[in-house]
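One structure below.
Chains as they are written, first to last, in the UniProt record's numbering: chain R, 1 to 522; chain C, 1 to 139.
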């Protein structure tokens, strides 16, 4: 998903709004009630106007079940709501009677079993879809993407500082974030595993949507629960309804919140099938898990410090990046210091269009040797074209992107090949010259002829790509090689001319020096 | 069951102090403050030896007629002080040690929280709950 990072962008907002508008039935209650999925509840109860910004995650469930989120903070309302539900929810009144909102959260674990039973009996729809403490598929996917932005390896840990900076962007007060961390870091190692991260993110989302933070971690958010409760095939209707609910939520302010809601929906969806399929079993398994979790928290645990080496800087950069990741699709090594054949050909193809000549960066002066050096590898690589042709075939579509992005890299990198130190300075100058010269050719008409063949080649390549036949690939490779040969020969001639000019200059300078020397000596 | 539990920072200011609100809490605060002198004395006495050889559990700091004060120091010079009622003679040393161990563990959990800045007052609910379990269950 292209969800933007913490700094909500318009894209995400619009996306979220789209989702929100989709769900019709639910009146957007920003204060999702911390009710357990009460399937018997009907949507009759209106939601209290959202006091907190954003989105109320439970919207999705409302589609299915009408449970009222109304004034969740209001114990009386909840009581009424639950009572209205009527039968089969013995546990509900108990929950509602709980004095504090937080306790509402805790209760679910107990009455859940009864509720689930009732719900399953009464309805086939999602029982837990409106449970704000369940993570929906969509939400989980979003959390996964966010996790990857911080730490590509899903099985690795996110360091505490990294996570802190990331979650601080949610603009929640630090004490609340601290509490969320306490809840989600169950192994107390100062780092977040993927399930812990999902839990923390989910809690943040809930909090942003106005849900009060629970005192203890809800069973549905425990890492064990999350991992165990992987839905297989959530009913499509539920998903659809969830999405609708998501969209119907108005007042989507923070994209993040919307996203989070969508994420929650995902989990809700996930959970829905489970309860229906094995509601009691699942809950019963969860219950023993929850006390165990609490016990583990109480016990003294070892604190493993085996973090995977995550580059915090990279993580920070990734977190701060705009929503869409940078054009990674550069399968070519844009950073290769040595001449990369792929790069070479791609550049040549690109250069043809824009008049860009292949890298051989022109290191005019000394670099002649270096240039030759650089060309040699290129030639050697060219000999392997046949092998690499498939790459070209694959990358031709990226040519344009690479052209623009790689050009800069190539020009700088090819121009500064690691050659002898004496040539460093020359190379430093050389890059400039060749670049300029290259740019000129771009504008010149000399290159157009190359451009056309390149473009034709690219076109042909693109057209030929579909049927991946070696013959065509070879033909393409041959064509490319010819093109590059032409380009290289031209470049060679230009460089030779430059070399001559420079030699002449050198000769003149030397003669001048000799003339001056006797004068100085005198 | 403790009557008062306090966590003192390295610089000898309280990070967390909580007492049973039967008597004036000020009295317990004063007791804890004065017990810091004893703690300092104990840890400075072993200063010549290697720090890791120093026992974390300091034991009974000093008894008064009403209550006893126990101390515990971490390797980062964070001090835990527990005040128990003298009438509660059933409390043995091992129990006090276990209380300190639990305190230390929960304190470490608080420290592990990246949102907690060392030196801030401890506002962790988990920590509160653990302390509550060790406090005298009055009322």
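Glycine residues also receive a C-beta, built at the ideal position from the N, C-alpha and C atoms.
Check, Outcome
"Taking CB distances under 8 Å as the criterion, tell me whether residue 126 of chain C reaches chain R.", "yes"
"Please tell me whether residue 82 of chain C and residue 9 of chain C are closer than 8 Å, where the distance is taken between their beta carbons.", "no"
"Which residue marks the beginning of the beta strand (DSSP E) containing residue 59 of chain C, and which one marks its end?", "57 to 63"
"Which residues in the same chain as residue 86 of chain C place their Cβ atom closer than 8 Å to its Cβ, once the five residues preceding and following it in sequence are excluded?", "63, 64, 65, 66, 67 and 68"
"Which partner residues of residue 8 of chain C appear in the DSSP bridge assignment?", "C/14 and C/79"
"Kindly say whether residue 113 of chain C, judged by its beta-carbon, lies nearer than 8 Å to any beta-carbon of chain R.", "yes"
"Taking all protein chains shown into account, decide if residue 72 of chain C is buried (16 or more other Cβ within 10 angstroms of its Cβ) or exposed.", "buried"
"Give me the residue from C/124, C/115, C/122 and C/131 with the minimum Cα distance to residue 163 of chain R.", "C/115"
"Reducing DSSP to helix, strand and coil, say where residue 135 of chain C ends up.", "strand"
"Tell me where the alpha helix (DSSP H) around residue 45 of chain C begins and ends.", "25 to 45"
"Please identify the residue among R/144, R/198, R/146 and R/205 whose C-alpha is closest to the C-alpha of residue 171 of chain R.", "R/205"
"Would you kindly report the start and end of the unbroken alpha helix (DSSP H) that includes residue 162 of chain R?", "160 to 168"
"Please report how far the alpha carbon of residue 211 of chain R lies from the alpha carbon of residue 201 of chain R, in whole angstroms.", "13 Å"
"Strictly below 8 Å CB to CB, what residues from chain R border residue 116 of chain C?", "178"
"Would you kindly report the start and end of the unbroken beta strand (DSSP E) that includes residue 68 of chain C?", "67 to 73"
"State the start and end residues of the unbroken alpha helix (DSSP H) segment that holds residue 205 of chain R.", "194 to 208"
"Less than 8 Å between the C-beta atoms of residue 220 of chain R and residue 134 of chain R, yes or no?", "yes"
"When we look at the beta-carbon of residue 35 of chain C and count the other beta-carbons within 10 Å, is it buried (16 or more) or exposed?", "buried"
"Quick one: Cα of residue 135 of chain C to Cα of residue 213 of chain R, how far?", "25 Å"
"Would the beta-carbon of residue 193 of chain R fall within 8 Å of that of residue 157 of chain R?", "yes"
"With distances taken between CB atoms, is the gap from residue 112 of chain C to residue 190 of chain R smaller than 8 Å?", "yes"
"Excluding sequence positions up to five away, which residues of its chain have a Cβ less than 8 Å from the Cβ of residue 513 of chain R?", "none"
"Per the DSSP calculation, residue 84 of chain C is bridged to which residue(s)?", "C/2 and C/68"
"Beta carbon of residue 177 of chain R, beta carbon of residue 167 of chain R: below 8 Å?", "yes"
"Taking the continuous alpha helix (DSSP H) assigned at residue 117 of chain C, which residues delimit it?", "Neither: residue 117 of chain C is in no alpha helix (DSSP H) and is coded neither H nor E."
"Along the chain, where does the alpha helix (DSSP H) containing residue 141 of chain R start, and where does it finish?", "137 to 150"
"Between R/498, R/496, R/222 and R/215, which has its C-alpha nearest residue 129 of chain C's C-alpha?", "R/215"
"Which residues, in order along the UniProt domain \"EF-hand\" (172 to 207) of chain R, keep a beta-carbon less than 8 Å from a beta-carbon of chain C?", "174, 175, 177, 178, 179, 181, 182, 185, 188, 189 and 190"
"Please report how far the alpha carbon of residue 22 of chain C lies from the alpha carbon of residue 131 of chain C, in whole angstroms.", "17 Å"
"Within the present structure, is the beta-carbon of residue 111 of chain C separated from the nearest heavy atom of the ligand NAD by less than 7 Å?", "Absence of the ligand NAD from the depicted structure is noted, as is the absence of any ligand whatsoever, leaving it without description."
"Classify residue 6 of chain C: buried if its beta carbon has 16 or more other beta carbons within 10 angstroms, exposed otherwise.", "buried"
"If the cut is a Cβ gap below 7 Å, which residues of chain C does residue 486 of chain R touch?", "Within chain C, no residue comes near residue 486 of chain R; the closest Cβ sits about 59 Å away, beyond 7 Å."
"Is any beta-carbon of chain C found at less than 8 Å from that of residue 160 of chain R?", "yes"
"Starting from residue 164 of chain R, find everything on chain C with Cβ-Cβ shorter than 7 Å and list it in chain order.", "114 and 115"
"Along the chain, where does the alpha helix (DSSP H) containing residue 468 of chain R start, and where does it finish?", "It is not in any alpha helix (DSSP H) - residue 468 of chain R carries neither H nor E in the DSSP assignment."
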